[in-house]
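Residue numbers (the numbering used here): -14 to 213.
Written out as structure tokens, the structure is:
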């Protein structure tokens, strides 16, 4: 991988590690390219944020290919992960502590399998208040951290596939294929409600974006070894 290749444009597939923000990974990749290729300035951007508590596929574009970012952002995505039943958190995931607990004795494996059908197709989904979406020029998580209530409008998203891959009560493993803009954290919260209990997202991994697979992705160390 040479300097001119990066300037002309490359699509790089990365397996984002847990704990890293998407922004941190982009910054690291930009720094490695600049250092190894002796470039003062290079455009680098990602096609779709992954939360720090999620791992998996992140598409990073360089140079002229940064113009393709919107195209990749709009593609269908696949996720695998785990819902934990019987409790909720304000962020709908493990960023915040459990705030409420619920009974789960009434829930059978058949109930869990059956609840997936309620979410297939086009659905109305309310994004989590702990998100980077803006309202009145302010990030939603800023309202949440300040303890301010905010009305969040629902939006249309599409879930093409939703399957339960394993049940180890209270943990439920799943696989979801969905449209751009789908919040899996919100799906976890809504899934709990559909079962008459609570639920939050306890693990998440993005495995596919369009035709790009996480199996073909690099980690930062492997990428660094490919550089001059």
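By construction, the Cβ of each residue, glycine as well, lies at the ideal position given by its N, Cα and C atoms.
| query | result |
| --- | --- |
| Check whether the stretch 101 to 111 touches the stretch 137 to 153, taking contact to mean three or more Cβ pairs, one atom from each stretch, closer than 8 Å. | yes |
| Do three or more CB pairs link the stretch 68 to 78 to the stretch 153 to 166 at distances below 8 Å? | yes |
| Going residue by residue through the stretch 154 to 199, where are the continuous beta strand (DSSP E) segments of at least 3 residues, counting only ones entirely within it? | 156 to 163 and 184 to 194 |
| Distance check for residue 22 and residue 60, CA to CA, integer angstroms please. | 31 Å |
| If I'm right that residue 56 touches residue 162 with Cβ under 8 Å, what's the distance once you round it to whole angstroms? | At roughly 19 Å, the Cβ-Cβ gap does not stay under 8 Å, so residue 56 and residue 162 are not in contact. |
| Out of 146, 105, 20 and 187, which has the shortest C-alpha to C-alpha gap to residue 76? | 187 |
| Apply the 10 Å Cβ neighbour rule to residue 114 and answer buried if 16 or more other Cβ atoms are within range, or exposed otherwise. | buried |
| Using a threshold of 8 Å, state whether the C-beta atoms of residue 150 and residue 160 are closer than that. | yes |
| Runs of 3 residues minimum, wholly inside the stretch 38 to 87: which ones carry the beta strand (DSSP E) assignment? | 39 to 47 and 62 to 70 |
| Do you know offhand how far residue 34's Cα is from residue 91's? | 37 Å |
| Using 10 angstroms around the beta-carbon of residue 174, count the other beta-carbons present and answer buried if the total reaches 16, otherwise exposed. | buried |
| Once the 5 residues before and after residue 24 are set aside, which same chain residues still bring their CB inside 8 Å of it? | -12, -9, -8 and 18 |
| Please list the terminal residues of the continuous beta strand (DSSP E) segment that includes residue 1. | -4 to 1 |
| For the candidate residues 205, 199, 207 and 183, whose alpha-carbon lies nearest to that of residue 85? | 183 |
| Helix, strand or coil for residue 34, going by three-state DSSP, please let me know. | coil |
| Check residue 205 in the structure and name its three-state DSSP category. | helix |
| Decide if residue 48 is buried, meaning its Cβ has at least 16 other Cβ atoms within 10 Å, or exposed. | buried |
| Could you tell me if residue 206 is buried or exposed, where buried requires 16 or more neighbouring beta carbons within 10 angstroms of its beta carbon? | exposed |
| Give me whichever residues DSSP pairs with residue 106 in a beta bridge. | 144 |
| Would you tell me roughly how many angstroms separate the C-alpha atoms of residue 80 and residue 38, rounded to the nearest one? | 8 Å |
| Residue 11 by DSSP, collapsed to three states: which one? | helix |
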